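Working notes for the structure below.
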Amino acid sequence: MSQLTLLIGRKGSGKSTTFCEIAQYMKRRTLIIDPGQARAYTDAGIGFITTKEIPAFDGYEAKIKRISNVINKKQLVAQIFGFDLETNSISRSRAFLNGNLIMEDAASYVNSSMTEALRECVKAFKQYGLNLFLSYHSLDEISPDILRLSPDKAIFKKSGETEKVFSRIRKARSFSNYEGAMRAYYQAQYFGLTPEEIFQQSRRFLKGIAQDLYYEKPLATEKDQKAFCKFLSKFASGRVNPTKAQRSMANYQPFGVDLR
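Each residue of the sequence shown is one higher than the last, beginning at 6 in our numbering.
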């Protein structure tokens, strides 16, 4: 199953290290766009590949390869998807298929200035059998076209040493504004939803959500739970009955978030 994962973190927060560890953990072959030759990949001994070698990259000799020293990143993306920018034609025989594609510093080449044809190639990553991993320095760098693809997971890299959060990849990590991050996550998740919709969707998770948001009232009865759902609706939308515009935002599917 093809999935889209976003990795967001400031420079030096360990994004390349996280991607490197993920790539080594996964069984499918992985191609990495590594414009800056990140030290994490060099230390792991991950070798290079050229665009001409991509069709023959079967993963038997080495399951992870990377492309660095990229001058024209958008042209590189086109070649990875078998797209010829000059003729506006696609040849899947030249494309990277059925693997993991990691795009470091994606904001500089997967953005709104891409041609429509190339944008459609990237958006069709599932048809190419790809798991797509994109890294960004901040949320506002992410193209709306990418967000409309309903990412399956977002990973926010940590910056600080106060609250403990746990990682599947390494031992305990920290996040300097854990409480603020959780509040932002639940605001995004329930924005535009009415109390009844929240109750129907999340009833079995309400206790955990209440703990995350430091909600101190009891949730022992259904009445208590529905009161909490009213709180969540107002908390997310600014009012218990969201406006029509706010309601339309509920069409966007929320995605999973890790704090590392």
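Where is the CB? At the ideal position from N, CA and C, for every residue including glycine. Nothing here was measured: the structure is a model prediction, and the numbers come from that model.
- Every beta strand (DSSP E) stretch that sits fully inside the segment 55 to 142 and reaches 3 residues is listed by chain position as 69 to 72, 105 to 108 and 136 to 141.
- Take the alpha-carbon of THR22 and the one of VAL82: they are about 22 Å apart.
- Inter-residue distance for LYS20 and THR226 is about 43 Å (C-alpha atoms, whole angstroms).
- Burial is judged here by how many other beta carbons sit within 10 angstroms of a residue's own beta carbon; GLU109 has at least 16 and is buried.
- Rounded to whole angstroms, the gap between the alpha carbons of ARG15 and PRO40 is 17 Å.
- Between the segment 66 to 73 and the segment 27 to 35 there are three or more inter-stretch CB-CB distances shorter than 8 Å, so the stretches are counted as touching.
- DSSP places GLY19 in the coil class of the three-state scheme, outside both helix and strand.
- Counting along the chain, LEU9 sits inside the beta strand (DSSP E) bounded by residues 9 to 13.
- The DSSP-derived three-state label of GLY185 is helix.
- Put simply, of GLN216, ILE203 and ALA215 the residue whose alpha carbon is nearest the alpha carbon of PRO247 is ILE203.
- For the pair ASN105 and THR47, the Cα-to-Cα distance works out to about 19 Å.
- Annotated three-state conformation of LYS162 is coil, per DSSP.
- Around the beta carbon of GLN205, a 10 Å sphere encloses fewer than 16 other beta carbons of the protein chains shown; the residue is thus reported as exposed.
- By the C-beta density criterion, LYS249 is exposed, having fewer than 16 other C-beta atoms within 10 angstroms.
- A direct Cα-to-Cα measurement between LYS128 and GLN8 gives close to 12 Å.
- At the C-beta level, THR10 and PHE161 stay beyond 8 Å of one another.
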